[in-house]
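Novice: What follows is a structure written as structure tokens; I'll ask about it next.
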Amino acid sequence: MEREKNVKCRVAVVGSGMAGLVTAYLLNQDPERRYNVEVFESGERLSLDSSSLSVPNPETGNVDRIDLPMRAFAGGFYSNLMAMYDFLQVEYRPQKFLFGFSSIASKHRCTSRNFQERLDFIHSSNNHILFPIRPHTVTLISHLCEIGYLLVWYAWFTMCCFLVPPFPATRTMPCESLRSYIRRIHLPKYFVSSYLLPLFSSVATCPHEALLEFPAQDLIDYKRKTNGDQHYTVCGGVNKIQRKLSQGLQLRKSAKVVSVEPQGQAIRVRWKRSLDKSRSDTAEALFDRVVLAVAPNVVQTIFKPLQYEMSQIPTISVQSVVHSDETTIGPLTGTDILHSPSAKNWMKGSDAQVIYMRTFAQADDPQTESIHVQPSGLLVTTCPLSVIDPAKIAQCATFTRVLRTPQSRQIIKDIFNRRSSEPQVQQEKRKTPWRNGDQGVCGVGVVSSLDLFFARCHPRHLRSPRFSRCAVYTTDMADLMAFSHTALDAYIDIPFNIWLSIILIVVYESAIRSRGLLLFIVLGVSTTIVAFDKKSSVGEMTKTMCLLPLGLGSVLAFLVASRPIQTRFLSAFTTYVNFAVYGNIGMMVGTPADGTLRGMCSKVTCVALFIWIVQQGRNAGWKTIALHDDLFVFTAVSKSWIFAHAIYRFVLLTLPCFGSGRRHRLLELYSLTLTFALSSTSNLPFEYCFGMADTLVVPAVAGWSAIATTFNLIPPDAKRNDLLLDRIGAKADACLSAISIVTRFFQSPQFAVAGANNDPSRFGYKIFAWYHQHSLPVTPIHPREPTIRLPSREYPVAATPKSLTSPTETSLSFVTPPPVTLQLLKQAHEVGIPAVWFQPGTYNDEVLEYARNNFPAVIGGRGGAGSEGWCVLVDGEDGLESAGRTWKQQKL
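Just so we're aligned, residue 18 is where the sequence shown starts under my numbering, counting upward by one.
The structure is reproduced here in structure tokens:
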């Protein structure tokens with residue numbers, strides 16, 4: 018039954034920041050006037066603009082508004098904010114900045130006003146100054162070297178932001194942290210600690226260590242969306258926005274909400290109101306709906322259903338100080354940004370504002386304070402670490418910043434989604450999950466309020482039944498920033514192929530213009546793979562070396578040789594190439610069909626192609642090689658054979674032994690495209706260029722795949738079932754006598770399970786029982802249980818890995834929380850355990866890094882036959898088979 022038109026739904030909005038005011042504004046602007054909205058604010062002023070102040074500008078004679086905290090925003094990332102400002106007819110303008118980077122060993126050195134430090138670099142926003150200003154204490158040579166260094170690594174970081182997406186979250190693993198992402202793309206420590214972290218930590222207003230725990234997706238997406246866009250500020254300050262949003266609202270100031278309690282069809286809100294400076298009393302009222310637009314730590318104290326979730330979201334108190342103490346930047350010889358000869362003339366005609374970023378690089382907790390020089394001459398220091406004269410402070414404000422972690426990102430995502438996908442280890446600690454809108458309460462303070470305005474909560478959506486439960490449709494900021502995979506990604510590994518396309522362009526240009534350089538690159542890549550690739554099996558390494566140095570390398574070596582040497586050894590080179598070409602095609606007949614019809618058809622097709630090309634070679638008298646403008650020309654192949662071979666190889670790569678094939682699905686397209694390009698460049702027939710093109714493409718794919726796998730440059734192919742990203746499958750690898758990490762794990766004579774227990778419903782029991790049921794000698798590890806009891810047998814328990822009788826002959830499975838895993842892992846390393854297996858949810862970045870640095874064989878992370886990562890229950894039997902381990906099923 019519809020609510021009577023004269024009866025309005027009472028809505029309490031707790032909090033008067035941007036999220037609260039936007040929500041209240043939207044409800045108050047409902048065309049049908051169905052909502053009676055009250056806004057609760059604990060302070061005497063609305064919090065959006067409560068700490069800002071107006072100051073006179075002696076140069077212009079105008080009054081400048083200083084917003085606290087700083088309200089500048091970047092285009093691209095804040096498109097919703099700009100749309101809202103346009104809707105409200107609030108003016109904003111572009112603002113240029115100069116960022117001065119400096120560092121000091123410890124903040125304790127700042128307690129003296131005589132300390133000295135040097136400005137290292139001056140960066141202009143959007144590079145509006147083409148050549149960076151040189152601080153006058155920096156020599157020209159040093160300045161040029163610094164510019165070159167930053168150009169290289171900033172370009173690399175930017176490319177990675179667009180082409181190397183962070184690992185997404187799975188049901189058993191949180192998303193990748195910034196710390197892990199930085200390590201994976203191999204950014205140097207100096208660039209990270211002196212430039213990347215100071216800049217991002219100043220934006221996020223948090224210490225470096227806290228920033229490193231942010232989800233990488235958040236910051237990488239921020240970089241992607243703001244790349245090349247300008248910064249903006251609101252003309253006249255955010256008080257203009259506050260006035261427009263709060264116009265016509267019922268405001269309860271000095272009313273601190275202490276509890277929000279759902280009671281049947283209503284919600285009781287209690288608050289303390291200040292009568293004067295010394296007295297306060299408590300009041301309460303019933304509302305139909307409540308919107309919590311406050312920080313997580315406040316929600317934790319006033320709303321019991323979310324106490325646990327909000328306690329897992331870290332927050333930090335941030336201080337901003339407005340002052341006139343120029344001694345805080347005086348020790349910086351970088352005040353030459355404003356007064357040096359190199360910048361003075363330029364600054365006269367510019368409205369750029371200067372922000373100093375001073376990093377205190379103490380080893381335990383590096384931090385960066387930012388000092389913003391205002392047009393009025395006042396300074397705004399955020400996260401102050403240096404000494405400020407109290408007599409020169411005009412305003413001091415403290416506000417709460419919500420920190421991000423992969424875990425808190427997942428919590429917010431689950432609150433705003435009906436279907437939970439958080440890791441199982443975390444779910445065990447959770448009670449019945451609360452979802453946004455349950456019990457007539459919704460939260461918007463931990464997400465972007467601007468998504469309310471234009472994405473989900475435009476007034477035309479307020480009629481929806483969902484809002485009748487007051488679940489204001491919001492989207493987690495992280496969801497908007499998450500990498501969106503297209504339908505194409507299900508069939509093609511997009512990051513892998515984007516980089517491969519770039520590599521092939523370089524290879525093509527080098528093959529045409531500088532074959533010597535290409536040979537040097539091939540040898541360098543081959544040496545790198547041999548030296549650092551510890552993941553590939555023997556078969557995979559053999560295949561890569563046959564393709565790179567022995568295949569492409571030998572062809573390039575022949576091409577760069579002098580003409581007399583080429584003429585002398587042409588016959589031998591032709592024999593070598595014929596052996597490689599015919600032998601490679603003939604070997605493909607042995608590709609496992611894996612019981613598929615297309616596999617059997619591929620065998621027949623391969624035999625036909627083999628006979629066909631051998632016949633063409635025989636007709637040419639086996640003289641299949643010619644040289645043309647230093648290109649390798651294989652003449653004994655027809656255009657028909659080339660296209661038939663392309664179709665065959667495309668189908669071949671879909672066989673189960675090649676995994677998903679997402680990385681190689683475009684192989685034929687690359688090969689045929691390069692053939693066409695070489696034909697056009699050399700004016701040779703299309704079929705003559707196929708041999709050279711395929712010789713370039715296939716090794717390039719193999720080399721890039723090995724490098725990407727070795728150094729984790731791109732996310733693993735999650736749709737594959739093999740341990741390695743580009744292995745040729747378990748059966749095919751067995752034919753090549755490959756030895757994988759899983760094989761190494763199951764080759765140990767003994768096994769142990771850390772975290773084994775006596776509860777049949779828990780994974781510790783199930784993993785231990787798996788070893789028992791597969792008749793493997795296994796020892797349970799538990800600090801308190803004396804024995805582990807299975808229905809058919811009782812096992813004595815080892816308290817720690819140090820208690821094992823033969824640790825050097827024991828492979829260890831972990832079914833413990835990450836902190837416990839790390840502790841036991843260090844003990845396992847001390848006693849020489851050779852191989853470890855991490856069940857999903859038992860590890861974090863620190864655990865994996867320690868394991869990979871200290872153990873010969875480590876299994877864990879993304880991969881395996883399941884969707885949640887490597888699991889003994891899913892992948893164990895395949896490992897036993899690949900290790901040649903005999904076992905028999907025995908009763909539990």
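Glycine included, each C-beta is placed from N, C-alpha and C at the ideal position. The structure presented is a predicted model; accordingly, all values stated were derived computationally and were not measured.
Along the chain, which unbroken stretches of the beta strand (DSSP E) at least 3 residues long are found entirely within the stretch 213-253?
Specialist: 248-251
Novice: Just curious, the beta strand (DSSP E) that Phe94 is in, first and last residue?
Specialist: Per DSSP, Phe94 belongs to no beta strand (DSSP E) and is neither H nor E.
Novice: Identify, in the order they occur along the chain, each residue of the same chain with its Cβ nearer than 7 Å to the Cβ of Ala900, setting aside the five sequence neighbours on each side.
Specialist: Thr760, Phe763 and Gln764
Novice: Which residues bound the alpha helix (DSSP H) around Leu807?
Specialist: Looking at the DSSP string, Leu807 is not in any alpha helix (DSSP H); the run it does join, the beta strand (DSSP E), is Thr804 to Leu807.
Novice: For Ser657, count the other beta carbons within 10 Å of its own beta carbon; 16 or more makes it buried, fewer makes it exposed. Which is it?
Specialist: exposed
Novice: How many angstroms separate the CA atom of His340 from the CA atom of Thr398?
Specialist: 8 Å
Novice: Would you grab the beta carbon distance between Val832 and Ala771 for me? Rounded to a whole angstrom, and I think it's under 8 Å.
Specialist: About 7 Å separates the two Cβ atoms, so the contact holds.
Novice: State the Cα-Cα distance for the pair Gln267 and Phe90, rounded to the nearest angstrom.
Specialist: 29 Å
Novice: Which residue wins for smallest C-alpha separation from Thr727, given the options Ile546, Ile284 and Arg290?
Specialist: Ile546
Novice: Please say whether Leu402 and Gln384 have beta carbons closer to each other than 8 Å?
Specialist: yes
Novice: Give a yes or no on whether the C-beta atoms belonging to Asp235 and Arg421 are separated by under 8 Å.
Specialist: yes
Novice: Who are the Cβ neighbours of Pro205 in its own chain at under 7 Å, not counting the five residues just before and after it?
Specialist: Result list for Pro205: Trp170, in chain order.
Novice: Where are the alpha helix (DSSP H) runs, 4 residues long or more, that stay fully inside the stretch 579-631, in chain order?
Specialist: 580-604
Novice: Residues bridged to Cys26 by DSSP?
Specialist: Tyr52
Novice: Tell me the rounded alpha-carbon separation between Leu213 and Thr175.
Specialist: 11 Å
Novice: Please state if the CB of Pro800 and the CB of Phe768 are separated by a distance shorter than 8 Å.
Specialist: no
Novice: Can you give me the Cβ contacts of Val255 inside the same chain, cut-off strictly under 8 Å, excluding the 5 residues immediately before and after it?
Specialist: Hits under 8 Å: Leu65, Asp66, Ser69, Asp84 and Arg88.
Novice: How many Å lie between Asn453 and Ser33 at the Cα?
Specialist: 20 Å
Novice: Which class does Gly568 belong to by DSSP, given the choice of helix, strand or coil?
Specialist: DSSP places Gly568 in helix when its eight states are reduced to three.
Novice: Consult DSSP for Glu278 and reduce its assignment to one of helix, strand or coil.
Specialist: strand
Novice: Quick check: the stretch 712-727 against the stretch 554-561, are there 3 or more CB pairs under 8 Å?
Specialist: yes
Novice: Identify which residue in Leu303, Ser820 and Pro48 has its Cα closest to the Cα of Asn458.
Specialist: The identity of residue 458 in the sequence shown is Val, whereas the question assumes Asn. Looking at the Cα atoms, Leu303 is the closest of the given residues.
Novice: Which term fits Ser579, buried or exposed, when burial requires 16 or more other beta carbons within 10 angstroms of its beta carbon?
Specialist: exposed
Novice: Put Tyr102 into one of helix, strand or coil per three-state DSSP.
Specialist: helix
Novice: What residue range does the alpha helix (DSSP H) around Phe780 cover?
Specialist: Phe780 to Gln790 is the extent of the alpha helix (DSSP H) around Phe780.
Novice: Of the residues Val31, Asn636, Val275 and Thr544, which one's Cα is nearest the Cα of Ala918?
Specialist: Residue 918 lies beyond the residue range present for the chain, which begins at 18 and ends at 909; the question has no answer from this structure.
Novice: If you draw a straight line from the alpha carbon of Glu76 to that of Ala411, how long is it in whole angstroms?
Specialist: 19 Å
Novice: Should Ile146 and Gly117 be called a contact, given that it needs their Cβ atoms to be closer than 8 Å?
Specialist: no
Novice: Relative to the ligand NAP, is the shortest distance from any of its heavy atoms to the C-beta of Thr726 smaller than 7 Å?
Specialist: Questions concerning the ligand NAP fall outside what the structure shown contains, since it holds no ligand whatsoever.
Novice: Closer than 8 Å by C-beta to Leu626: which residues in its own chain qualify, once you throw out the five before and the five after it? Chain order, please.
Specialist: Here the set comprises Ile602, Trp658, Ala661, His662 and Tyr665.
Novice: Looking at the structure shown, is Asp342 part of a helix, part of a strand, or coil, going by DSSP?
Specialist: coil
Novice: Taking 6 Å as the limit between beta carbons, can you name the residues of its chain near Glu811, skipping five residues before and five after?
Specialist: Thr804
Novice: Buried or exposed for Asn870, please, with buried defined as at least 16 other CB atoms from any protein chain shown within 10 angstroms of its CB.
Specialist: exposed
Novice: Would you kindly report the start and end of the unbroken alpha helix (DSSP H) that includes Ala414?
Specialist: Not the alpha helix (DSSP H): Ala414 falls in the beta strand (DSSP E), residues Ile410 to Val419.
Novice: Report the three-state DSSP secondary structure of Ile164 (helix, strand or coil).
Specialist: Residue state for Ile164 is assigned as helix, using DSSP reduced to three classes.
Novice: Tell me the DSSP secondary structure of Gln267 in three-state form.
Specialist: strand
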